[in-house]
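Below: the structure, in structure tokens.
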Amino acid sequence: SNHLILYGKGRLYNIYSVSPGTHVPASLSGRYSIVIKEENPVWTSDRHRYEPGNPHNFLGPRKLCLNPVRTGANDARGSTAIHGNNREGDPDPSPGAPGYFRMRNEDVKELYDIVPRGTVVDIVPPR
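What follows is the structure in structure tokens.
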């Protein structure tokens, strides 16, 4: 349903809209942990480095990097991230980078301030 549902102390805290990347394979489903939190992240591609504020840096003001909590030797899931966007207001509704989850900037800033590193994130496939 393209939502991030935040629970705290066993209770529903908030529901945020997310825009998943162009390709979020079912194999990405599973349990993750927030390992890095970045303010004003730099976006790097094969040959370019885009500083915060550059229109080609699609990450926006915050990025939460997730690594899988491994479930066994055959667990081949890769890392993913939750991030803001490079637009004011709502993010571009088109799919973003593969395996990433884009949010409204005000929402990702709130989430960034609330959740500490080590927070568990479950990625659940659409039903």
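In the numbering used here, the protein residues as written are 69 to 195.
Just so it is clear, CB atoms sit at the ideal spot from N, CA and C, and this is done for glycine as well.
- Item | D181 in three-state terms, based on DSSP | As a working mapping, residue 181 is identified with position 113 in the sequence shown. The answer is helix: DSSP assigns D181 an H, G or I state.
- Buried or exposed by the 16-neighbour rule on C-beta atoms within 10 Å, applied to N125: By 1-based counting over the sequence shown, the position of residue 125 is 57. Buried, by the Cβ-count rule.
- Message: My output table needs one value for D114: the three-state DSSP class, helix, strand or coil.
- Response: Against the sequence shown, residue 114 aligns to sequence position 46. Correct three-state label for D114: coil.
- Item | Extent of the continuous beta strand (DSSP E) run through R130 | Locating residue 130 in the sequence shown gives position 62, where the first residue counts as 1. Taken as a continuous stretch (DSSP letters only), the beta strand (DSSP E) holding R130 covers 130 to 136.
- 6 Å Cβ shell around E106 - same chain, five flanking residues per side excluded: Position 38 of the sequence shown holds residue 106. K131, listed in sequence order.
- Can you tell which of N154, N70, H116 has the C-alpha that lies nearest to the C-alpha of N173? What you label residue 173 is simply residue 105 of the sequence shown in a count that begins at 1. Out of N154, N70, H116, N154 has the C-alpha closest to the C-alpha of N173.
- 6 Å Cβ shell around L72 - same chain, five flanking residues per side excluded: For the purposes of this step, residue 72 is taken as residue 4 along the sequence shown, with counting starting at 1. Correct list, in chain order: Y84, V86.
- Go ahead and pull the three-state DSSP assignment for V188. By one-based count along the sequence shown, residue 188 stands at place 120. Of the three classes helix, strand and coil, the one that applies to V188 here is strand, per DSSP.
- Query: Going by the CB atoms, is the gap between I104 and V189 shorter than 8 Å?
  - Reply: Reading the sequence shown from its first residue, position 121 is the one you call residue 189. Reading the sequence shown from its first residue, position 36 is the one you call residue 104. No, Cβ-Cβ distance for V189 and I104 is not below 8 Å.
- Message: Taking the beta carbon of R145 as the centre, do at least 16 other beta carbons fall within 10 Å, making it buried, or is it exposed?
- Response: Along the sequence shown, read from residue 1 onward, the residue named residue 145 stands at position 77. With 16 or more Cβ atoms within 10 Å of its Cβ, R145 is classed as buried.
- Task: Specify, as a first and last residue, the run of the beta strand (DSSP E) that G89 falls within.
- Result: Here residue 89 is taken as the residue at index 21 of the sequence shown, counted from 1. No beta strand (DSSP E) holds G89; DSSP gives it neither H nor E.
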